[in-house]
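Worksheet: the structure to be examined is printed underneath.
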Amino acid sequence: MPRRLLPLLLTALLCATLPAGAAAATSLTWYGHAAFKLVTPQGRVLLIDPWISNPANKNGKQDLAAIDKADLILVSHGHADHVGDAAEIAKRTGARLVSTFDLSNALVQFAGFPKDQAGMSTGGNFGGEISLLDGEVKVAFIPAVHGSTVTGMDKIPHTGGNPGGFLISIKNGPTIYHTGDTDVFGDMRLVPQFHKVDVMLACIGDHFTMGPQRAAEAVRLVHPKVVIPMHYGTFPVLTGTPEAFGQALKGSGAKLQVMQVDQTLKF
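According to mature numbering (1 follows the signal peptide of the UniProt record, and there is no 0), the sequence shown holds residues -22 to -1, 1 to 245 in order.
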């Protein structure tokens, strides 16, 4: 066979293995605690509450060093275990900050987030939804019941506005609700009235957030297809467990998917 025909043959064989009309998947990686990476079908990278180097992640330093691409960094509220490594990653990758307007200002002023990577185009507030990355991603801002002080480089707590969560809709992919840190609250039932939720990332640790029983009630309000527990076990006080969550979820209709740190799922 002439060598010039070999690349054409390899391309034909590759295409033959793909189903007609097959689309790329959305991938979700958990780094422990409340930190996730979303990669869209077009390869855009979103990091949510990126405390990559948290104590639950034994490979945290390596995982953090390996992040060489990020388009958006979503931060739900100002506490250090959710702001995490956001400023470092932003400086390295040029990623833009997605957060409430007040939190965005606080992270720029006190936590070292690059000013030119934050602002009105990627900031919003509760009830609003913004279209990002050429329309491939939409983010709606969802309230949460928690706090949001930002402890800056000066070691002084500063107000970070109100805490929240995110409803992330991926074109040709899933709709994902990251609760941030919160208790269950009745208005969660409004979330699926505007967007059906495919995947809910629910805090279950107790002490600082809802525990397994209350998180299960939140799931019943939101009606996701799949629920993934987060924000548990990082510290001894976070006593909620996936096992207790699973028991409390019985009859909810949601599929419980327990992720391991550094595990990636595809949707």
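All C-beta atoms in this analysis are idealised placements derived from N, C-alpha and C, irrespective of residue type, glycine included. Please read these numbers as outputs of a predicted model, since none were measured by experiment.
- DSSP places residue 111 outside any alpha helix (DSSP H), giving it a letter other than H or E.
- Here residue 115 is near residue 146, since their CB atoms are less than 8 Å apart.
- Contact between residue 117 and residue 53 is absent: CB atoms are separated by about 12 Å, not below the 8 Å threshold.
- If you look at residue 204, you'll find it in the beta strand (DSSP E) that goes 204 to 208.
- Closest option to residue 9, judged by alpha-carbon separation, among 138, 45, 226, 109: 45.
- Between the alpha carbons of residue 200 and residue 182 lies a distance of about 15 Å.
- Closest option to residue 22, judged by alpha-carbon separation, among 43, 30, 48, 93: 48.
- Inter-residue distance for residue 150 and residue 113 is about 11 Å (C-alpha atoms, whole angstroms).
- Between residue 176 and residue 245, the C-beta gap is smaller than 8 Å, which places the two residues in contact.
- Residue pairing by DSSP places residue 156 opposite 144, 179 in a beta bridge.
- When Cβ pairs closer than 8 Å are counted between the two stretches, the stretch 77 to 91 is seen not to touch the stretch 32 to 44, the count staying below three.
- Each residue's CA atom was taken as its position, placing residue 2 and residue 20 some 8 Å apart.
- Per the coordinates, the alpha-carbon of residue 55 lies some 32 Å from the alpha-carbon of residue 229.
- For residue 134 and residue 43, the gap between their C-alpha atoms comes out near 28 Å.
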